[in-house]
Amino acid sequence: MAKLLPRVVAMVAVLALCNLWLPAFVPPPAGQSLRHGVHLSTAVGAAAVLGAAPAAFADKIDDAATKLSEASYPFLKEIDWTSPVYGSLPNANPVKVLAVINKALVMGASMDSAALKKGVLAHASAIGHVDSKGMIPLPDYAAINAAIGHMVASVPKNQVIDVFNAAGDVVRKEEVGAYMKSLVNSGDAEAAYKAFWEFKDVVAAAQR
Numbered sequence: 344m345a346k347l348l349p350r351v352v353a354m355v356a357v358l359a360l361c362n363l364w365l366p367a368f369v370p371p372p373a374g375q376s377l378r379h380g381v382h383l384s385t386a387v388g389a390a391a392v393l394g395a396a397p398a399a400f401a402d403k404i405d406d407a408a409t410k411l412s413e414a415s416y417p418f419l420k421e422i423d424w425t426s427p428v429y430g431s432l433p434n435a436n437p438v439k440v441l442a443v444i445n446k447a448l449v450m451g452a453s454m455d456s457a458a459l460k461k462g463v464l465a466h467a468s469a470i471g472h473v474d475s476k477g478m479i480p481l482p483d484y485a486a487i488n489a490a491i492g493h494m495v496a497s498v499p500k501n502q503v504i505d506v507f508n509a510a511g512d513v514v515r516k517e518e519v520g521a522y523m524k525s526l527v528n529s530g531d532a533e534a535a536y537k538a539f540w541e542f543k544d545v546v547a548a549a550q551r
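Take a look at the structure:
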């Protein structure tokens, strides 16, 4: 159980980021379908196993994470992180929620241990720097994005898709999206999503 705990913590972080970065704010780029375009970006993209992938890919993923973080940070600062909405799933079916957790645990169990450890440490560091508004510093945000990219990338693509599909049955993104986007500057949200899509492409190029 003790060995599984870090994986559970990491997967909770992944799912939290999924809820933030799924197309809840803006639709997928023109010409790309929601289910077939976004699933790879569900957990902040996909890349090869950390340590098994060529160093060039790792550098590209980290660089892309930095670019994503800088482009999306203005949007991030506009979100009210003290709102209870981010810790709740209104009207969610408990059975479907358990299905998401199950798929997430399966994915977490497949993660590369080095990438997983780095992800957990990145989150732990960020938690120590959270301000009164629930925000974290940009360097911590960039480290988390890079770490999660490597974590999710270290599992087979089908497991990433399984988590996305299960989560899609819990949250009605079409309904939630309009409301969530109304709470922030739409231009910043769109810029953040565009940067996220580019990040997804970089890490997907190295996915196993």
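Counting the sequence shown from 1 gives a position; our numbering is that position plus 343.
For every residue, glycine included, the Cβ atom is placed at its ideal position computed from N, Cα and C.
Range covered by the alpha helix (DSSP H) that runs through residue i
| i | result |
| --- | --- |
| Val-503 | 500–511 |
| Asn-445 | 437–453 |
| Lys-460 | 456–470 |
Beta-carbon proximity check, residue i vs residue j, cutoff 8 Å
| i | j | result |
| --- | --- | --- |
| Val-443 | Gly-492 | no |
| Gln-550 | Lys-500 | yes |
| His-466 | Ile-487 | yes |
| Leu-411 | Phe-539 | yes |
| Val-498 | Ala-435 | no |
| Lys-439 | Asp-505 | no |
Residue i to residue j span [Cα, whole Å]
| i | j | result |
| --- | --- | --- |
| Pro-417 | Lys-537 | 14 Å |
| Ala-490 | Leu-464 | 9 Å |
| Ala-469 | Asp-406 | 19 Å |
| Met-478 | Ala-414 | 16 Å |
| Val-503 | Val-495 | 7 Å |
| Tyr-522 | Val-428 | 11 Å |
| Ser-431 | Tyr-484 | 22 Å |
| Lys-420 | Ala-408 | 17 Å |
| Glu-518 | Ala-458 | 34 Å |
| Ile-404 | Phe-542 | 8 Å |
| Arg-604 | Leu-441 | For the chain, the structure presents residues 344 to 551; residue 604 sits outside this window and is missing. |
| Asp-402 | Ala-548 | 13 Å |
| Gly-511 | Gly-520 | 13 Å |
| His-382 | Ala-509 | Note on His-382: pLDDT 37, under 50, position unreliable in the model; the coordinate value appears next. Distance between the alpha carbons of His-382 and Ala-509: 11 Å. |
| Asp-531 | Pro-433 | 26 Å |
| Pro-482 | Ser-456 | 23 Å |
| Ala-534 | Lys-460 | 30 Å |
Per-residue DSSP class, three states only, for residue i
| i | result |
| --- | --- |
| Ala-548 | coil |
| Val-428 | helix |
| Leu-481 | helix |
| Lys-476 | coil |
| Ser-497 | coil |
| Asp-423 | coil |
| Leu-526 | coil |
| Asn-488 | helix |
| Val-319 | Residue coverage of the chain in this structure runs from 344 to 551, which leaves residue 319 outside it and unanswerable. |
| Pro-433 | coil |
Check: residue i C-beta below 7 Å from any heavy atom of the ligand SAH
| i | result |
| --- | --- |
| Val-503 | Judged by which ligands are present, the structure shown has none, so any question about the ligand SAH falls away. |
Next on the checklist: Contact between the region 449–460 and the region 524–542 is defined here as three or more beta-carbon pairs at a separation below 8 Å; is this criterion met?
Outcome noted: no
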